[in-house]
DNA sequence: CGCGGCGAATTAAACAGTTTAGTCAACGCG
DNA sequence: CGCGTTGACTAAACTGTTTAATTCGCCGCG
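Chains as they are written, first to last, in my numbering: chain A, 1 to 395; chain B, 1 to 395.
Structure follows, in structure tokens:
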């Protein structure tokens with residue numbers, strides 16, 4: 001039982017005992033019948049029907065079979081039909097991986113997020129993006145590979161090895177191109193962005209990276225918020241922004257919003273201390289806590305600007321729970337203008353951004369780059385979409 | 001002295017550095033400059049550094065290079081380090097697709113949804129699942145391939161082009177296993193599920209499919225809701241369930257909830273007409289419309305049971321907008337007990353389900369199946385998690 | 001009659017890795 | 001001295017496709 005081969009195989013990834021493991025040599029598969037323990041369902045590892053099997057059965061060359069699928073006009077009608085019939089009978093299915101290896105096309109795009117997936121997926125804006133991207137991928141018969149850098153980065157690749165280098169990580173993903181959301185200059189992955197051979201498009205990211213970038217006018221939007229609040233007479237502000245729970249991950253658009261707001265306040269002649277930064281989680285149900293953080297500040301603000309609508313909506317419901325009136329006791333402004341912002345009570349003042357066209361443009365550009373219909377040089381980058389303030393009753 | 005080992009040790013001389021190489025990576029951006037415009041960008045197709053290149057450069061066999069990565073202890077420490085150094089200098093990155101072809105492992109799982117991605121991603125429960133699955137995949141160094149099975153629906157049930165044969169579609173996805181959410185018996189893909197060679201696990205799906213299934217007690221939960229409402233004296237009900245916008249796609253858990261509720265009402269001796277079915281979109285901001293649909297019924301109900309919390313929360317805000325009192329004018333009950341349910345006003349009565357452990361169990365099982373640590377026969381299926389009613393102020 | 005071109009199918013070389021089955025020298029042991 | 005083992009490494013065979021180059025009749029044309 002303890003054949004030397006097995007001992008040598010100790011190192012295999014997910015180690016298991018040698019039975020059932022390598023069905024490779026078709027003859028020896030049955031000989032293993034006597035390995036009693038852990039007899040696996042054999043049916044699963046039935047040998048796959050390959051293109052070559054079809055060719056043999058149909059009495060043609062493998063190339064002909066390939067042509068039958070990919071270049072029908074190279075074959076006579078009769079031959080083609082015969083081949084397809086044979087394939088059908090044998091239950092042949094082309095092997096996607098082998099095809100990818102030969103063609104260089106994976107028919108998948110990588111959607112990369114700097115934080116944990118868990119975190120990103122709680123942001124309605126991101127899931128909305130994901131939906132748009134998904135729709136585009138459906139149309140192009142592509143798939144989305146969702147990957148988070150967050151947990152992977154500090155891990156060890158092998159026992160005794162170093163942490164995974166971003167570039168290594170990136171090139172281990174079998175995608176034709178990448179879409180990155182919310183990536184900052186300080187993120188280790190930016191180095192990989194520059195070096196990558198495959199097209200990369202950035203969304204809501206830093207504006208000075210060497211890749212086509214699609215941003216919105218965060219600064220201007222936030223600036224307008226401050227002007228609006230100043231005009232309403234407010235002089236003490238809070239900004240609710242990302243909780244520093246995810247060390248090292250910075251969402252650049254949030255930073256720009258904070259800057260835009262602060263700048264307007266400063267230009268109005270108020271001291272920097274008039275703006276206090278507070279951390280709020282980007283989950284609606286954490287709103288009460290976020291509200292408390294604001295309400296218990298020593299210099300209590302009269303208005304709070306949230307870098308995202310979820311935070312604002314959370315704070316809104318936190319305030320309601322405490323029986324406070326918005327906007328009389330506290331004005332609340334969000335950013336993003338989610339559909340829910342219109343439905344809240346009171347309806348939320350927010351910075352409107354086009355949630356559809358921007359991700360659509362980004363994904364379309366990515367596909368064009370992948371298909372080499374355009375080159376990166378053709379793209380004016382960063383592309384910045386307009387934002388505009390929508391004043392509602394919360395301010 | 002002239003032993004081959006020594007001759008091979010040539011490389012010990014570190015000063016013969018082969019730097020300046022980087023044949024692939026850098027520079028490509030600059031080289032493109034001199035191509036006349038309009039010329040297709042060829043530079044991207046610069047030849048990739050392969051394992052064989054590394055082997056040649058390091059003076060070892062390709063096997064040795066492979067071993068350096070995958071079977072370190074087959075090599076002497078010195079050789080291994082030399083190989084890795086060489087690889088680093090050349091900028092070598094293993095080709096994930098080639099590796100997959102040879103090993104049969106893709107290190108990815110497919111997450112398949114019956115509807116369009118757009119639709120599914122608006123459901124907070126699903127995005128929560130996605131987060132959990134993402135976390136598990138991060139741990140296993142796997143990736144998620146997100147794919148919508150919408151294309152496989154027959155033409156008459158959906159806008160768009162020719163349907164793809166389900167089995168063909170499934171086998172075109174390069175994943176080691178699949179997790180399907182919300183799949184019903186009637187879905188064309190169920191046939192493919194049975195035929196698949198790769199492990200499949202189902203979540204919140206039909207209970208009579210030939211694959212490990214992880215469901216919750218939808219029937220019992222809904223039954224308890226009806227009992228609760230009956231005890232409160234209600235006699236006229238509405239059930240708000242999925243809008244039939246996505247024709248052909250049936251979410252089985254919703255069906256079970258409708259059945260469970262109806263059964264309890266029936267057992268209480270009321271006529272079937274005491275329960276009216278209303279369609280409501282699973283988006284919060286569509287709540288007002290959904291509310292109207294209920295409020296304008298000829299036989300106006302005094303209580304509404306929603307098959308999901310998002311629907312209930314939407315209706316809640318719709319009712320508030322009309323100035324109605326919940327629960328006095330209308331009692332509202334949800335299903336799922338999202339975190340937001342606790343924060344709504346009034347707090348929402350809902351059927352609690354464990355949102356974490358069920359998807360975690362499913363994904364863990366899937367990985368065990370992929371790694372052949374267990375077989376399908378070992379799994380008691382369907383696995384059904386408990387639900388329990390949480391009464392709050394909305395009823 | 002020779003020649004070019006075409007349609008239909010084939011051969012062989014990629015694609016970029018992994019794994020099997022060795023080789024070869026050194027070592028241990030009775 | 002012969003035999004079995006081990007450690008370090010390699011040659012060759014795989015994984016399942018695509019595709020460039022080629023063959024081989026056959027037809028029309030000058």
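Think of the CB as a built atom: it goes at the ideal place given N, C-alpha and C, for glycine as much as any other residue.
Residue-level contact to chain B via CB, residue 193(A), 8 Å cutoff: It does not; no Cβ of chain B falls within 8 Å.
Straight-line gap, residue 171(B) to residue 122(B) (C-alpha atoms, nearest Å): Each residue's Cα considered, the two are about 27 Å apart.
Contact set between the stretch 72-98 of chain A and chain B, restricted to residues whose Cβ is under 9 Å from the partner: For the stretch 72-98 of chain A, which is checked against every Cβ of chain B, the residues closer than 9 Å are 91, 93, 94, 95, 96, 97 and 98.
When 220(B), 287(B), 109(B) and 183(B) are compared against residue 313(B), the one with the closest alpha-carbon: Of the candidates 220(B), 287(B), 109(B) and 183(B), the one whose C-alpha sits nearest the C-alpha of residue 313(B) is 287(B).
Helix, strand or coil at residue 385(B) according to DSSP, with G and I counted as helix: Strand.
First and last residue of the uninterrupted alpha helix (DSSP H) at residue 58(B): From DSSP, the alpha helix (DSSP H) with residue 58(B) extends over 51-58.
Alpha-carbon spacing of residue 237(B) relative to residue 302(B), whole angstroms: For residue 237(B) and residue 302(B), the distance between alpha carbons rounds to 6 Å.
Beta-carbon proximity check, residue 204(A) vs residue 215(A), cutoff 8 Å: Between residue 204(A) and residue 215(A), the gap from beta carbon to beta carbon is short of 8 Å.
Short Cβ contact (8 Å threshold) for residue 389(A) with residue 255(A): In this structure, residue 389(A) sits away from residue 255(A), with a CB-CB distance that is not shorter than 8 Å.
Nearest neighbour of residue 304(A), chosen from 150(A), 230(A) and 70(A) [CA to CA]: The shortest Cα separation from residue 304(A) among 150(A), 230(A) and 70(A) belongs to 230(A).
C-beta contact flag for residue 384(A) and residue 143(B) at 8 Å: Going by C-beta atoms, residue 384(A) is not nearer than 8 Å to residue 143(B).
For residue 332(B) and residue 166(A), the rounded distance between their alpha carbons: Their Cα atoms are separated by approximately 49 Å.
Residues near residue 253(B) by beta carbon distance below 6 Å, same chain, minus five either side: Here residue 253(B) has 204 and 218 as same chain residues with Cβ atoms under 6 Å from its own Cβ, once five neighbours each way along the sequence are excluded.
Local Cβ density within 10 Å of residue 235(B), reported as buried at 16 or more and exposed below that: By the 16-neighbour rule on beta-carbons within 10 angstroms, residue 235(B) is exposed.
Cut-off 7 Å between Cβ atoms - residues of its own chain near residue 84(A), not counting five sequence neighbours on either side: These residues qualify, in order along the chain: 68.
Beta-carbon proximity list for residue 386(B), same chain, < 7 Å, skipping 5 on both sides: For residue 386(B), where only same-chain residues beyond five positions count, the Cβ hits under 7 Å are 217.
Chain B contact residues for residue 118(A), given Cβ-Cβ distances below 7 Å: What residue 118(A) touches in chain B: 131, 134 and 135.
Residues of its chain near residue 100(B), where Cβ-Cβ distance is below 6 Å and the 5 sequence neighbours each way are ignored: Closer than 6 Å at Cβ, skipping near neighbours: 106.
Beta-carbon separation (whole angstroms), residue 363(A) vs residue 179(A), contact threshold 8 Å: With a beta-carbon spacing of about 7 Å, residue 363(A) and residue 179(A) fall inside the 8 Å limit used to define contacts.
Proximity test, Cβ basis, 8 Å: residue 421(B) and chain A: A query on residue 421(B) cannot be resolved here, the shown segment of chain B reaching from 1 to 395 and no further.
Cutoff 8 Å: residue 20(A) Cβ touching any chain B Cβ: At residue 20(A), the pLDDT of 29 sits below 50, so the modelled position is not reliable and the matter cannot be decided from this model.
Status (buried if at least 16 other CB within 10 Å, exposed otherwise) for residue 168(B): Its Cβ having fewer than 16 others within 10 Å, residue 168(B) is exposed.
Residue-chain proximity (residue 34(B), chain A), Cβ-Cβ < 8 Å: Here the model assigns residue 34(B) a pLDDT of 33, short of 50, so the residue's position is not dependable, and the following value carries that caveat. Under the Cβ criterion of 8 Å, residue 34(B) is not counted among the residues facing chain A.
Residue-level contact to chain B via CB, residue 380(A), 8 Å cutoff: For residue 380(A), the closest Cβ of chain B is not nearer than 8 Å.
Coil, strand or helix - residue 107(B) by DSSP: Coil at residue 107(B), not helix or strand.
Endpoints, the beta strand (DSSP E) within which residue 293(A) is located: Note, residue 293(A): premise wrong, no beta strand (DSSP E); alpha helix (DSSP H) at 287-295.
Neighbouring residues, chain A, relative to residue 209(B) (Cβ below 8 Å): In chain order: nothing, as chain A lies at least about 17 Å away.
Touch test, the stretch 115-134 of chain B against the stretch 112-120 of chain A, Cβ-Cβ under 8 Å, three pairs minimum: They touch, by the three-pair rule.
Contact set between residue 241(A) and chain B, taken where Cβ atoms lie within less than 9 Å: Residues of chain B with a Cβ closer than 9 Å to the Cβ of residue 241(A) do not exist; the shortest Cβ-Cβ separation is about 21 Å.
Backbone secondary structure at residue 148(B) - three-state DSSP: Assignment of residue 148(B) by DSSP, reduced to helix, strand and coil, places it in the strand class.
Selection from 392(A), 227(A), 395(A) and 66(A) that minimises the alpha carbon distance to residue 102(A): Considering only alpha carbons, the answer is 66(A).
Own chain residues within Cβ distance below 6 Å of residue 184(A), not counting five before or after: Beyond the five residues adjoining it in sequence on each side, residue 184(A) comes within less than 6 Å, by CB distance, of 206, 250 and 252 in the same chain, given in chain order.
Collapsed DSSP secondary structure at residue 19(B) in the structure displayed: The pLDDT assigned to residue 19(B) is 31, lower than 50, so where the model puts this residue is not dependable, and the model offers no usable value.
Reduced DSSP category for residue 158(A) - H, G, I as helix; E, B as strand; rest coil: In this prediction, residue 158(A) scores a pLDDT of 35, lower than 50, which makes its location untrustworthy; no coordinate-derived value is stated.
Contacts of residue 168(A) in chain B (Cβ-Cβ under 9 Å): Result: 93 and 94.
Under 8 Å (Cβ pairs) to chain A, residues found in the stretch 138-149 of chain B: Listed in sequence order: 138, 139, 141, 143, 144, 145, 146, 147 and 148.
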